Amino acid sequence: MEFVEKVRIMDAARINRALARLASEIVEENQGASELYLVGVQRRGVPLANRLADKIADLEGSRPPVGVVDITLYRDDLSTVGANPIVNRTELPGGVDDRNIVLIDDVLYTGRTIRAALDQLIDFGRPLRVQLAVLVDRGREHRELPIQADFVGKFAPTKRSEIVKVMLNEFDGEEGVAIVERPAAESAEGRRP
Amino acid sequence: MKTESGRRHLLGIGELSAEEIAHVLDTAESFREISRREIKKVPALRGRTIINLFFEPSTRTRTSFEIAGKRLSADTINISSSASSVAKGETLLDTARNLEAMSPDFIVIRHPSAGAPHALARICRAAVINAGDGAHEHPTQALLDAMTIRQHKGGIEGLEVAILGDILHSRVARSNAHLLTKLGARVRLAGPGTLAPPEFASLVEGGGLKIADRVEEAIEGADVVMVLRIQRERQDAAFFPSLREYAVHYGLNRKRLDAAKADAIVMHPGPMNRGIEIASDVADGTRSLILDQVANGLAVRMAVLYLLDGGSLLGQREVETAKPHPAVAETPDAGSRTDDAAAQTRLPLGGELEPVAAGRAEPETAAPPRRFRAHRPKTSRAVATQDDGHGMTDD
């Protein structure tokens, strides 16, 4: 499928600044970092969680632990996506019981990914609290579930036909956030990622 | 599997590509972690129904499929031939049609006749998984063996693998020979001449498979030594003089294992006959990965169920026409009572779907059998063996 890039809304420097701000907001909201547990959602939430942990370490002197959830097996659309998505690993060292978790993902759109991540966290135990940090929020008019982010790097109102593409060095060999669009013929289907 | 080729069933390794095999193994690695969780369950197959249809005894494989299904939140039902209408004389295909009427998403079948899963796949909307058919294939066993080898050797390509024992009756040996050579290993088979016939080398094209004259020759310099089960119940078949003699000449003991590479690993599909095909100190030794194999079996079966995801296209699928296996599928009632069918079964060399009798035309309406590779060994000839329906090696 071909995508046409419409506009680039963040570059490497802006991503870095947004993460720096998110780190300080997370620390401020939680009155320090001592109880925090950052959990990245596979795949791009994972490097973002690690970068946030580094920035929190710079601010507070101690690096919060980082976990990973892969929500593939918790998707509600497994029976409608054509090919079964690749299953990545979930690693939550130390468990989630009584932990103060900050879930981290790249883009908040319908909220279904976060629902899946929450279900998975709760299958692992009973966290004390779960907050949500995202690099890009596409706007609450897209939400299909009552889920909002506690920390937002960049608010980017978009149309359904558009896709927000987050590129990170770890996976894409470059840094940036772009809004791309399918050619008109294909966007009619309106399928969500 | 679905991601690669739209494959709906897992009937054998022979039909899989190296890429498909690697995809299953990669996926299985991700599933291992689920079994280490406190709550060992994910919702991926919630609402799906898996029927384990077992016409032969099994502990490991049946339990493994059952737990795999449950950990994916599917509902699993076990049917064994002794406790079902099969004991009242129902034919395999009638049993399958009746089960099919209850809309299962997966049927996992073990049957003493080669080709029984293929016959089921022809008439079922459910995804059919072969859990061992006669002396033909046991694909999930080969996948779990490959997963175990990969974990300890980093890969399969270039490895020297010795498979010892009753090659002739072993579906594990066949599936492994296919899988390991597809991924670039060199496989040497060895056992008593009666149980490791030279013709077996033609199972796989390309020369990756050899029959060694002696067990020692197969083990020499091997990275992996895989031991197959010898069946005590087959003693009167006179494939070898006695169990004691077998242990002395063909069993894997510490001394023989010394000829393998220093870091060689030892595997066995179970159930083991300690002191016969494998010495206890080897089975329990540090090189033995027998329990790793069992743990990996669970992950592999979860991956296979997930990748085939039997229900995902339900309602849109057409019932595909697979090429019938001549041993069970030539008449509508074929595969009739387990014993009869088994008694008629001949083991096609390499489990390729060779007609065993002339004059059985394929139905002309049959769709192209795209799931079966057309290649056949040039020298292929059927090795007729006695098949008493109980005599299959391996679990």
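Residue numbers (my numbering), protein chains in the order written: chain A, 84 to 276; chain U, 11 to 405.
Think of the CB as a built atom: it goes at the ideal place given N, C-alpha and C, for glycine as much as any other residue.
The structure displayed is predicted, hence computed values, not measured ones.
Excluding the 5 residues preceding and the 5 following Tyr192 (chain A) in the sequence, name in chain order all residues of the same chain whose CB lies nearer than 6 Å to its CB. The residue you call residue 192 (chain A) lines up with position 109 of the first sequence. Arg221, His225, listed in sequence order.
On the DSSP letters alone, give me the boundaries of the alpha helix (DSSP H) that Ser290 (chain U) sits inside. Stepping through the second sequence from its first residue, residue 290 (chain U) is reached at position 280. Counting along the chain, the alpha helix (DSSP H) containing Ser290 (chain U) begins and ends at 290-293.
If you draw a straight line from the C-alpha of Asp233 (chain A) to the C-alpha of Glu43 (chain U), how long is it? Position 150 of the first sequence, counted from the start, is the residue given in the question as residue 233 (chain A). Position 33 of the second sequence, counted from the start, is the residue given in the question as residue 43 (chain U). If I take the Cα positions, the gap works out to 30 Å.
Exposed or buried, which one is Asn186 (chain U) when buried takes at least 16 other CB atoms within 10 Å? Your numbering for residue 186 (chain U) matches position 176 in the second sequence. Under this definition Asn186 (chain U) is a buried residue.
Contact set between Phe41 (chain U) and chain A, taken where Cβ atoms lie within less than 8 Å: Numbered from 1 along the second sequence, position 31 holds the residue referred to as residue 41 (chain U). Simply Val170.
I need the straight-line Cα distance from Gly194 (chain U) to Ser123 (chain U), nearest angstrom please. Residue numbering aside, residue 194 (chain U) sits at position 184 when the second sequence is read from its first letter. Residue numbering aside, residue 123 (chain U) sits at position 113 when the second sequence is read from its first letter. Each residue's Cα considered, the two are about 30 Å apart.
Measure the CB-CB distance between Leu262 (chain U) and Glu287 (chain U) and report whether it falls below 9 Å. Locating residue 262 (chain U) in the second sequence gives position 252, where the first residue counts as 1. Locating residue 287 (chain U) in the second sequence gives position 277, where the first residue counts as 1. Cβ atoms of Leu262 (chain U) and Glu287 (chain U): closer than 9 Å.
For Arg158 (chain A), would you say it is in contact with chain U, using Cβ-to-Cβ distances shorter than 9 Å as the test? As a first step, residue 158 (chain A) is located in the first sequence; it is residue number 75 there, counting from the start. Taking Cβ atoms only, chain U reaches closer than 9 Å to Arg158 (chain A), which makes this a yes.
Which stretch, first to last residue, makes up the beta strand (DSSP E) that contains Met277 (chain U)? The residue you call residue 277 (chain U) lines up with position 267 of the second sequence. First-last of the beta strand (DSSP E) with Met277 (chain U): 275-277.
Distance cutoff 9 Å, beta carbons only. Does Asn173 (chain A) sit that close to anything in chain U? Within the first sequence, the letter at position 90 stands for residue 173 (chain A). Sequence inspection shows Thr at residue 173 (chain A); the Asn mentioned does not correspond to that position. Taking Cβ atoms only, chain U reaches closer than 9 Å to Thr173 (chain A), which makes this a yes.
Using DSSP's beta-bridge definition, name the partner residues of Val138 (chain U). For the purposes of this step, residue 138 (chain U) is taken as residue 128 along the second sequence, with counting starting at 1. DSSP lists U:Ile117 as partners of Val138 (chain U).
For a cutoff of 9 Å on Cβ pairs, would you count Gln231 (chain A) as touching chain U? Position 148 of the first sequence, counted from the first residue, corresponds to residue 231 (chain A). Not one chain U Cβ lies under 9 Å of Gln231 (chain A).
Inter-residue Cα distance where the pair is Met93 (chain A) and Ala200 (chain A): In the first sequence, residue 93 (chain A) corresponds to position 10, counting from 1. In the first sequence, residue 200 (chain A) corresponds to position 117, counting from 1. So the alpha carbons of these two residues sit roughly 26 Å apart.
With a CB to CB cut of under 7 Å and the five nearest residues on each side skipped, what residues in its chain are close to Ala78 (chain U)? If you number the second sequence from 1, residue 78 (chain U) lands on position 68. Cβ within range, chain order: Leu308, Arg311, Met312, Leu315.
What does DSSP give as the partner residue(s) for Asp85 (chain U) in the beta ladder? As a first step, residue 85 (chain U) is located in the second sequence; it is residue number 75 there, counting from the start. Its beta-bridge partners are U:Thr59.
Under 8 Å by Cβ, that's how I've got Val34 (chain U) and Leu299 (chain U) pegged, so tell me the actual separation to the nearest angstrom. Residue mapping note: residue 34 (chain U) aligns to position 24 of the second sequence, counting from 1. Residue mapping note: residue 299 (chain U) aligns to position 289 of the second sequence, counting from 1. With 8 Å as the limit, Val34 (chain U) and Leu299 (chain U) do not qualify as a contact, their Cβ atoms being about 19 Å apart.
Can you name, in chain order, every residue of its own chain whose Cβ lies under 7 Å from the Cβ of Lys51 (chain U), other than the five neighbours on each side? Counted from its first residue, the second sequence places residue 51 (chain U) at position 41. If we look at Lys51 (chain U) and ignore the five residues flanking it on each side, its Cβ neighbours are Arg81, Ser83.
Tell me, to the nearest whole angstrom, how far the beta carbon of Val171 (chain U) is from that of Leu190 (chain U); I am working on the premise that it is less than 8 Å. Taking the second sequence and counting its residues from 1, the one referred to as residue 171 (chain U) is at position 161. Taking the second sequence and counting its residues from 1, the one referred to as residue 190 (chain U) is at position 180. Contact holds; Cβ gap of about 5 Å.
List, in order along the chain, the chain A residues whose C-beta lies closer than 8 Å to that of Pro53 (chain U)? For this step, residue 53 (chain U) is matched to residue 43 along the second sequence. The contacting residues are Leu156, Tyr157, Asp202.
Does at least one heavy atom of the ligand NAD sit under 8 Å from the Cβ of Ser27 (chain U)? In the structure on display, the ligand NAD does not appear, and there are no ligands present to speak of.
Reduced DSSP secondary structure (H/G/I, E/B, other) of Glu245 (chain A): If you number the first sequence from 1, residue 245 (chain A) lands on position 162. DSSP places Glu245 (chain A) in strand when its eight states are reduced to three.
Helix or strand or just coil, what does DSSP make of Tyr256 (chain U)? Taking the first residue of the second sequence as position 1, residue 256 (chain U) is located at position 246. Three-state result, Tyr256 (chain U): helix.
Pick helix, strand or coil for Asn183 (chain A), following the three-state DSSP scheme. Here residue 183 (chain A) refers to the residue found at position 100 of the first sequence. DSSP places Asn183 (chain A) in strand when its eight states are reduced to three.
Can you name the start and end residues of the beta strand (DSSP E) that Val420 (chain U) belongs to? The requested residue 420 (chain U) does not occur in the structure, where chain U is confined to residues 11 to 405.
Compare the C-beta of Phe207 (chain A) with all C-beta atoms of chain U and state if any pair is closer than 9 Å. Numbered from its first residue, the first sequence carries residue 207 (chain A) at position 124. Yes - at least one Cβ of chain U is within 9 Å of the one on Phe207 (chain A).
Where does Lys271 (chain U) fall in DSSP's three states? By 1-based counting over the second sequence, the position of residue 271 (chain U) is 261. Three-state DSSP puts Lys271 (chain U) in coil, outside helix and strand.
Listing by chain order, which chain A residues have their CB less than 9 Å from the CB of Arg47 (chain U)? Start at 1 with the first residue of the second sequence, and residue 47 (chain U) comes out as number 37. Near Arg47 (chain U) (Cβ distances below 9 Å), the residues of chain A are Thr173, Leu175, Asp206, Phe207.
Cβ neighbour criterion (16 or more within 10 Å) applied to Ile98 (chain A): Working through the first sequence from its first residue, we reach residue 98 (chain A) at position 15. Burial call: buried.
Would you mind giving the Cβ-Cβ distance between Pro130 (chain A) and Glu253 (chain A), rounded to the nearest angstrom? I have them listed as a contact below 8 Å. Residue numbering aside, residue 130 (chain A) sits at position 47 when the first sequence is read from its first letter. Residue numbering aside, residue 253 (chain A) sits at position 170 when the first sequence is read from its first letter. That belief holds up - the Cβ atoms of Pro130 (chain A) and Glu253 (chain A) are roughly 4 Å apart, short of 8 Å.
Taking 9 Å as the cut-off, decide whether the C-beta atoms of Asp233 (chain U) and Ala274 (chain U) are in contact. In the second sequence, the residue the question calls residue 233 (chain U) occupies position 223. In the second sequence, the residue the question calls residue 274 (chain U) occupies position 264. Closer than 9 Å, so yes.
Between which two residues does the alpha helix (DSSP H) carrying Asp104 (chain U) extend? Counting from one through the second sequence, the residue named residue 104 (chain U) turns up at place 94. Where Asp104 (chain U) is concerned, the enclosing alpha helix (DSSP H) stretches over 102-110.
Which whole runs of the beta strand (DSSP E) in the region 120-179 of chain A are 3 residues long or more, in chain order? 149-152
Output the boundary residues of the beta strand (DSSP E) element that contains Ala216 (chain A). Numbered from its first residue, the first sequence carries residue 216 (chain A) at position 133. Per DSSP, Ala216 (chain A) belongs to the beta strand (DSSP E) from 212-220.
Residue environment, Gln151 (chain U), which counts as buried when at least 16 other CB atoms sit within 10 Å: One-based indexing of the second sequence puts residue 151 (chain U) at position 141. Classification for Gln151 (chain U): buried.
Are the beta-carbon atoms belonging to Leu238 (chain U) and His278 (chain U) less than 9 Å from one another? Numbered from 1 along the second sequence, position 228 holds the residue referred to as residue 238 (chain U). Numbered from 1 along the second sequence, position 268 holds the residue referred to as residue 278 (chain U). The answer is yes: Cβ separation under 9 Å.
Residue environment, Ala116 (chain A), which counts as buried when at least 16 other CB atoms sit within 10 Å: Position 33 of the first sequence, counting from 1, holds the residue named residue 116 (chain A). Counting Cβ neighbours within 10 Å, Ala116 (chain A) comes out buried, since at least 16 surround it.
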